[in-house]
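All remarks here apply to the structure that follows.
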């Protein structure tokens with residue numbers, strides 16, 4: 001913030017945030033901010049979580065949901081690159097959401113990974129490679145900066161949650177300036193015909209080389225921010 005934000009507007013100690021009497025706190029720094037300060041923020045302000053991978057930690061999700069309900073303040077989850085999030089949430093609300101799979105494909109240089117995925121990503125320099133396929137909960141700590149879309153989907157698909165939503169991470173060296181997000185939603189099966197309701201979407205987002213976030217996602221985030229007002233003590237996908 002040095003040289004950008006006037007010193008009198010900087011808050012050096014987040015535990016003193018309530019002195020600013022904020023209507024809305026927006027986190028775009030690191031998942032640890034949500035874990036360490038989220039409940040305090042929600043005690044007196046609406047809170048927009050820019051790093052929803054933090055909510056893959058079940059105790060963190062639980063205490064933030066409880067804090068929102070008790071204070072009447074809203075825990076906002078920006079949809080980001082998630083296309084159709086509101087429809088997914090509606091299906092979950094009705095009990096008709098049976099499965100959700102999200103596949104994210106990027107150039108290896110666009111990933112910031114942890115643990116075993118680091119070495120696996122290096123092997124994708126010359127060929128397309130599936131880095132991970134499985135529950136989103138296990139993926140979030142390994143790719144906390146890359147899979148916020150999957151985390152948002154897991155919150156929207158609350159009947160499946162982080163354990164039920166399937167995330168697939170693919171590194172593709174032939175995609176230097178694109179981020180691809182494919183979403184597959186499965187609904188109920190008709191008992192008479194045996195046909196199953198499905199929706200598949202493919203989002204192709206232009207991106208600067210080596211960037212973690214695609215260009216269209218910034219506009220989506222700003223649109224989400226403009227919605228953050230008056231939704232009460234609950235989790236709200238915006």
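Numbering (full-length UniProt numbering), first residue to last: 1 to 238. Where a beta carbon is used, it is the ideal one built from N, C-alpha and C, also for glycine.
CB of residue i within 7 Å of CB of residue j, strictly
i	j	result
residue 171	residue 108	yes
residue 52	residue 221	no
residue 131	residue 169	yes
residue 54	residue 34	yes
residue 181	residue 149	yes
residue 233	residue 72	yes
residue 151	residue 140	yes
residue 49	residue 27	yes
residue 158	residue 207	no
Neighbourhood of residue i by C-beta, 6 Å cutoff - its chain only, sequence neighbours within 5 removed
i	result
residue 236	74, 76
residue 176	107, 209
residue 143	113
residue 8	none
residue 117	131, 142
Own chain, CB closer than 8 Å to residue i, minus 5 neighbours either side, in chain order
i	result
residue 153	82, 85, 88, 100, 102, 136, 165, 183
residue 15	37, 40
residue 43	18, 67, 71, 73
residue 224	48, 76, 78, 79, 80, 238
CA-to-CA distance, residue j to residue i, given in whole angstroms
i	j	result
residue 68	residue 189	35 Å
residue 178	residue 162	26 Å
residue 199	residue 5	44 Å
residue 125	residue 134	22 Å
residue 196	residue 98	10 Å
residue 128	residue 121	10 Å
residue 31	residue 228	20 Å
residue 11	residue 119	38 Å
residue 173	residue 193	43 Å
residue 13	residue 213	28 Å
residue 21	residue 59	27 Å
residue 62	residue 145	21 Å
residue 123	residue 105	15 Å
residue 90	residue 219	24 Å
residue 2	residue 201	42 Å
residue 94	residue 185	14 Å
residue 138	residue 191	34 Å
Same chain only: Cβ atoms within 7 Å of residue i, ignoring 5 sequence neighbours per side
i	result
residue 96	187, 188
residue 211	110
residue 204	178, 180
residue 226	none
Integer Cβ distance of residue i from residue j, believed to fall under 8 Å
i	j	result
residue 45	residue 64	Wrong, their Cβ atoms sit about 13 Å apart, outside the cutoff.
residue 167	residue 147	6 Å
Closer than 7 Å to chain B by CB, residue i
i	result
residue 125	Of the chains in the structure shown, none is chain B; there is only one protein chain.
Cβ-heavy atom distance, residue i to the ligand FMN, below 6 Å
i	result
residue 148	Within the structure as shown, the ligand FMN is missing, as the structure has no ligands at all.
Would you list, in sequence order, the uninterrupted beta strand (DSSP E) runs of no fewer than 3 residues that lie entirely inside the region 167-201?
-> 178-189
In chain order, each beta strand (DSSP E) run of at least 3 residues that lies wholly inside the region 57-98 | 75-77
Ordered list of beta strand (DSSP E) runs contained in the region 3-55, each at least 3 residues = 24-27, 46-49
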